[in-house]
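J.:
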Amino acid sequence: MKLNKLLSIAAITALTASFSFAGTSSMDFAKKYEKECQGCHGPIHQGGVGSDLRPKALKKKSREFLAETILNGRDNTAMPAWNSTFSKDDATGMIDYLMDWKNTVELKLDFDAVHKSWTKLADREALAKKYPVDKNGNLQYKGAEVKNVKDITFATERDASLVDFIDSTTGKVLSRHKAGFAVHVTVTNKNEPRYAYSISRSGRLTMFDIAAPGQPALASVQVGQESRGLAVSPDGKYVMAGNYNPGGAVLCDAKTLEPLKVYDTSRVIDTDGQIGPSRVAYIADTPYGPYFSFALKDAGHVYIVDYSKPDFPIVGDVPNIGKVLHDAFLNENEGEDFGRYVQVASQGSDLMGIVDQKTMKLAAKVHTGEKSKPHPGQGSSWFNKKMGKQLNATQSMNFGQVVIWTSPDWKIVKKIKTAGGGLFVGTGEDTPWIWSDCVLGKPDKYNEVYLINKETLETDRIIKVGKTKGQLIDAKTKKVLQEWDATQHEKVAVNEKAFGKEKILPMPDKVGAAVKDPVQPRLLHAEPANHGKWTMISEWTTGRIGIYESETGKFVKYIENLTTPTFTYSVEHRQHIPGA
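Take the sequence shown: its letters are residues 3 to 582, numbered as in my numbering.
(1) Would you report the Cα separation of residue 211 and residue 266, rounded to the nearest angstrom?
(2) Using the rule of at least 16 other Cβ atoms within 10 Å of the residue's Cβ for burial, across every protein chain shown, is residue 269 buried or exposed?
(3) Hey, out of 566, 529, 562, whose CA is closest to residue 543's CA?
(4) By how many angstroms is the C-alpha of residue 450 removed from the C-alpha of residue 145?
(5) With 16 as the cutoff for other CB atoms within 10 Å, does residue 563 come out buried or exposed?
(6) Which one or two residues does DSSP pair with residue 367 in a beta bridge?
(7) Specify the secondary structure class of residue 293 as computed by DSSP and reduced to three states.
(8) Between which two residues does the beta strand (DSSP E) harbouring residue 546 extend?
(9) Only counting the same chain, and skipping five residues up and downstream in sequence, which positions put a Cβ closer than 7 Å to that of residue 260?
(10) From residue 541 to residue 311, what does the alpha carbon distance come to, in whole angstroms?
(11) Taking 9 Å as the cut-off, decide whether the C-beta atoms of residue 410 and residue 397 are in contact.
(12) List the endpoints of the continuous alpha helix (DSSP H) containing residue 127.
(13) Per the contact definition of three or more C-beta pairs closer than 8 Å, is the region 547 to 556 in contact with the region 525 to 539?
(14) Please classify residue 352 as buried or exposed, where buried requires at least 16 neighbouring CB atoms within 10 angstroms.
(15) Between the alpha carbons of residue 215 and residue 147, how many angstroms are there, rounded?
(16) What is the rounded straight-line gap between the Cα of residue 23 and the Cα of residue 196?
(17) Spell out the partners DSSP gives residue 530 in its beta bridges.
(18) Enumerate in chain order the residues of its own chain whose CB-to-CB distance from residue 555 is below 7 Å, with the five nearest sequence positions on each side excluded.
(19) Run through DSSP, which three-state label would residue 68 get?
(20) Can you look up residue 24 in the DSSP assignment and give me helix, strand or coil?
(21) Apply the 10 Å Cβ neighbour rule to residue 159 and answer buried if 16 or more other Cβ atoms are within range, or exposed otherwise.
(22) Give me the DSSP bridge partner(s) of residue 474.
(23) Is the beta carbon of residue 359 closer than 9 Å to that of residue 288?
(24) Taking the alpha carbon of residue 530 as the point to measure from, which residue in 79, 93, 157, 130 has its own alpha carbon closest?
(25) State the Cα-Cα distance for the pair residue 256 and residue 194, rounded to the nearest angstrom.
(26) Can you tell me the Cα-Cα spacing of residue 201 and residue 479, whole angstroms?
(27) Where residue 168 and residue 422 are concerned, what is the direct C-alpha to C-alpha distance, given to the nearest angstrom?
(28) Tell me where the beta strand (DSSP E) around residue 174 begins and ends.
(29) According to DSSP, simplified to helix, strand and coil, what is residue 117?
(30) Got a sec, what are the start and stop residues for the alpha helix (DSSP H) residue 100 sits in?
(31) Below 8 Å on the Cβ atoms is my contact criterion, and I expect residue 405 with residue 417 to pass it. Report the Cβ-Cβ distance as a whole number of Å.
(32) Measuring straight from C-alpha to C-alpha, what distance separates residue 237 and residue 57?
(33) Can you tell me whether DSSP reads residue 159 as helix, strand or coil?
(34) Taking only three categories from DSSP, how would you classify residue 245?
(35) So within the region 406 to 447, which uninterrupted beta strand (DSSP E) runs reach at least 3 residues, ignoring any that extend past its ends?
(36) For residue 329, name the three-state secondary structure that DSSP assigns.
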């Protein structure tokens with residue numbers, strides 16, 4: 003669908019040509035930026051996870067320094083080296099493009115345009131009748147691919163634009179669906195877990211029936227040009243998606259995916275008192291009340307929507323949390339306060355803002371350390387028996403550090419050193435550890451995952467995967483507890499095929515030949531699966547997901563033939579996590 007059919011154009015002037023730079027370079031800099039850079043640096047170059055790349059900010063630095071940054075990256079940040087795909091002329095050309103860039107298009111979220119994109123892909127009611135599921139998620143028909151829909155884990159193949167559905171009791175990939183460029187996250191309907199929803203960075207929201215054979219897509223809607231956040235109300239009635247561009251959130255019917263309301267954030271007041279657009283970062287539901295909350299990334303606010311009231315109003319506006327809001331997770335204190343507090347990362351202010359959904363006010367700020375840039379991902383929350391307190395944890399992007407604090411008194415109890423900056427820290431009730439990746443560390447360290455004891459808050463074990471072998475290492479004695487074959491394999495080529503009104507990619511039934519020149523594995527995102535027995539870790543660079551024993555950390559096997567796997571989501575595990 004063309005952009006002008008989706009979005010209301012508030013102002014358009016002539017666009018700067020993107021081929022007019024840098025000697026022999028033939029790169030289309032605008033397209034390259036949109037595909038590779040926009041996710042971290044923003045659709046109008048305003049920064050976020052990455053630096054502000056608007057001309058005013060760049061003029062403070064030399065062109066040579068900026069070009070060198072593109073080619074060689076920056077240690078302990080999210081900025082990778084691009085020298086494998088950029089020549090020197092390409093890097094110089096990109097700097098010219100950025101230095102001369104003008105924000106010529108201002109986009110506003112438009113309900114009518116979003117609603118027109120709503121498309122039915124399959125008959126939900128007919129599938130539910132033909133392939134019944136009982137109230138506990140057990141499939142009630144012969145020939146079912148799994149016993150229970152909660153046995154399924156979702157996985158993202160980012161650069162292949164795929165969302166995968168995996169039998170987490172065996173590791174078998176059941177199906178792979180085209181669901182928009184760079185699928186960012188997939189979540190489930192906790193009230194009716196047969197229904198799943200994915201959001202892509204290209205703004206496509208898709209609904210699936212994971213109980214039916216092949217996990218067919220039921221409907222889709224184009225909610226924006228670039229999107230991130232996604233949540234489903236605990237009562238199973240509503241799903242909300244968040245946009246970076248045009249800024250805002252879209253509320254849909256969770257049974258049909260029909261858009262119901264948009265929340266435009268093209269004109270909000272930021273932390274400096276200026277009026278401008280804001281991206282929407284995290285979105286979370288909560289069992290605490292009939293609320294969705296979402297962060298205005300560039301304005302430092304959190305909005306709280308009450309979906310039980312007519313017209314789904316914003317009933318809370320919590321300002322002055324910090325600069326550059328990003329992801330969030332909820333507290334898991336047992337009792338009436340379960341899911342009451344949203345813990346949102348402010349990456350521009352190096353803190354976790356604690357939003358109280360009872361008072362609709364900011365309860366506290368947990369300062370994670372200068373230049374730490376917190377990134378909790380799915381976050382971790384657990385009860386520490388030794389302390390008698392609920393603990394919570396976040397990663398730090400800029401250096402190897404996991405920060406742990408208490409709730410509801412919000413005091414930091416420990417900062418644990420790891421091998422490098424990370425994006426995700428996860429845990430589950432069947433593992434003694436929180437699992438912390440080092441995916442933003444240096445290449446000789448981003449192949450490690452730290453297993454931090456939830457009681458002692460010390461690193462017990464380290465998973466380290468090399469180019470040919472993997473190791474489970476005792477962190478204190480450095481003794482190798484297990485070693486396994488980590489030979490990398492070429493992906494087996496397969497062709498897309500039609501599946502109803504959508505496109506799917508079959509899963510090869512064999513692995514390819516051994517890779518002659520293996521790469522350093524880049525490990526990220528640990529997710530409990532298989533009734534808590536396993537933990538899945540994605541390997542971005544090798545195209546596979548490693549499966550490990552949750553209780554011991556020992557390697558079990560690989561799921562191969564994938565393309566840049568990132569996010570994983572276990573339906574069973576997330577059923578018990580508020581806001582996840």
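Backbone N, C-alpha and C fix where the C-beta goes; we use that ideal spot for every residue, glycine too.
T.: From the atom records:
(1) The sequence position of residue 211 within the sequence shown is 209, counting from 1. The sequence position of residue 266 within the sequence shown is 264, counting from 1. Cα-Cα distance, rounded: 30 Å.
(2) To locate residue 269, count along the sequence shown from 1; it is residue 267. The residue in question, residue 269, is exposed, as its Cβ has fewer than 16 Cβ neighbours within 10 Å.
(3) Stepping through the sequence shown from its first residue, residue 543 is reached at position 541. Comparing C-alpha distances from residue 543 to each of 566, 529, 562 shows the shortest one belongs to 566.
(4) Here residue 145 refers to the residue found at position 143 when the sequence shown is read from its first residue. Here residue 450 refers to the residue found at position 448 when the sequence shown is read from its first residue. Rounded to the nearest angstrom, the two C-alpha atoms are 40 Å apart.
(5) Here residue 563 is taken as the residue at index 561 of the sequence shown, counted from 1. By the beta-carbon neighbour count (other beta carbons within 10 angstroms, threshold 16), residue 563 is buried.
(6) Counting from 1 along the sequence shown, the entry for residue 367 is found at position 365. DSSP lists 355 as partners of residue 367.
(7) Residue 293 sits at position 291 when you count from the first residue of the sequence shown. In this structure, residue 293 counts as strand in the three-state DSSP scheme.
(8) Counted from its first residue, the sequence shown places residue 546 at position 544. Unbroken beta strand (DSSP E) run through residue 546: 546 to 551.
(9) Taking the sequence shown and counting its residues from 1, the one referred to as residue 260 is at position 258. Cβ within range, chain order: 120, 254.
(10) In the sequence shown, the residue the question calls residue 541 occupies position 539. In the sequence shown, the residue the question calls residue 311 occupies position 309. For residue 541 and residue 311, the distance between alpha carbons rounds to 44 Å.
(11) If you number the sequence shown from 1, residue 410 lands on position 408. If you number the sequence shown from 1, residue 397 lands on position 395. Contact flag unset, no.
(12) For the purposes of this step, residue 127 is taken as residue 125 along the sequence shown, with counting starting at 1. Start and end: 126 to 132.
(13) In this structure the region 525 to 539 touches the region 547 to 556; the number of beta carbon pairs closer than 8 Å is three or more.
(14) By 1-based counting over the sequence shown, the position of residue 352 is 350. Only buried fits residue 352, as 16 or more other CB atoms lie within 10 angstroms of its CB.
(15) Your numbering for residue 215 matches position 213 in the sequence shown. Your numbering for residue 147 matches position 145 in the sequence shown. Taking the straight line from one Cα to the other gives about 7 Å.
(16) Along the sequence shown, read from residue 1 onward, the residue named residue 23 stands at position 21. Along the sequence shown, read from residue 1 onward, the residue named residue 196 stands at position 194. Below a pLDDT of 50, predicted positions are generally treated as unreliable, and residue 23, at 39, falls in that range; the measurement from the model is reported next regardless. Residue 23 and residue 196: Cα-Cα distance of roughly 51 Å.
(17) Taking the sequence shown and counting its residues from 1, one reaches residue 530 at position 528. Per DSSP, 537.
(18) Position 553 of the sequence shown, counting from 1, holds the residue named residue 555. The residues are 453, 463, 465, 474.
(19) Reading the sequence shown from its first residue, position 66 is the one you call residue 68. Note: residue 68 maps to helix in three-state DSSP.
(20) By 1-based counting over the sequence shown, the position of residue 24 is 22. In this prediction, residue 24 scores a pLDDT of 43, lower than 50, which makes its location untrustworthy; no coordinate-derived value is stated.
(21) Taking the sequence shown and counting its residues from 1, the one referred to as residue 159 is at position 157. Burial is judged here by how many other beta carbons sit within 10 angstroms of a residue's own beta carbon; residue 159 has at least 16 and is buried.
(22) Locating residue 474 in the sequence shown gives position 472, where the first residue counts as 1. Residue 474 is bridged by DSSP to 465, 484.
(23) On the sequence shown, residue 288 is found 286 positions in, with the first residue counted as 1. On the sequence shown, residue 359 is found 357 positions in, with the first residue counted as 1. Yes, the Cβ-Cβ distance between residue 288 and residue 359 is below 9 Å.
(24) What you label residue 530 is simply residue 528 of the sequence shown in a count that begins at 1. When each option's Cα is compared against that of residue 530, the closest is 157.
(25) Position 254 of the sequence shown, counted from the first residue, corresponds to residue 256. Position 192 of the sequence shown, counted from the first residue, corresponds to residue 194. About 10 Å.
(26) Locating residue 201 in the sequence shown gives position 199, where the first residue counts as 1. Locating residue 479 in the sequence shown gives position 477, where the first residue counts as 1. Spanning the two alpha carbons is a distance of roughly 44 Å.
(27) The sequence position of residue 168 within the sequence shown is 166, counting from 1. The sequence position of residue 422 within the sequence shown is 420, counting from 1. Answer to the nearest angstrom: the Cα atoms are 30 Å apart.
(28) Position 172 of the sequence shown, counting from 1, holds the residue named residue 174. 174 to 180 is the span of the beta strand (DSSP E), which, as asked, contains residue 174.
(29) Counting from 1 along the sequence shown, the entry for residue 117 is found at position 115. Correct three-state label for residue 117: helix.
(30) By 1-based counting over the sequence shown, the position of residue 100 is 98. Residue 100 -> alpha helix (DSSP H) spans 90 to 101.
(31) Counting from 1 along the sequence shown, the entry for residue 405 is found at position 403. Counting from 1 along the sequence shown, the entry for residue 417 is found at position 415. With 8 Å as the limit, residue 405 and residue 417 qualify as a contact, their Cβ atoms being about 5 Å apart.
(32) The residue given as residue 237 occupies position 235 in the sequence shown. The residue given as residue 57 occupies position 55 in the sequence shown. In a straight line, the C-alpha of residue 237 is about 47 Å away from that of residue 57.
(33) Taking the first residue of the sequence shown as 1, we reach residue 159 at position 157. Looking at residue 159 - three-state DSSP - the assignment turns out to be strand.
(34) Start at 1 with the first residue of the sequence shown, and residue 245 comes out as number 243. The DSSP-derived three-state label of residue 245 is strand.
(35) Listed in chain order, they are 414 to 419, 435 to 439.
(36) As a working mapping, residue 329 is identified with position 327 in the sequence shown. Note: residue 329 maps to strand in three-state DSSP.
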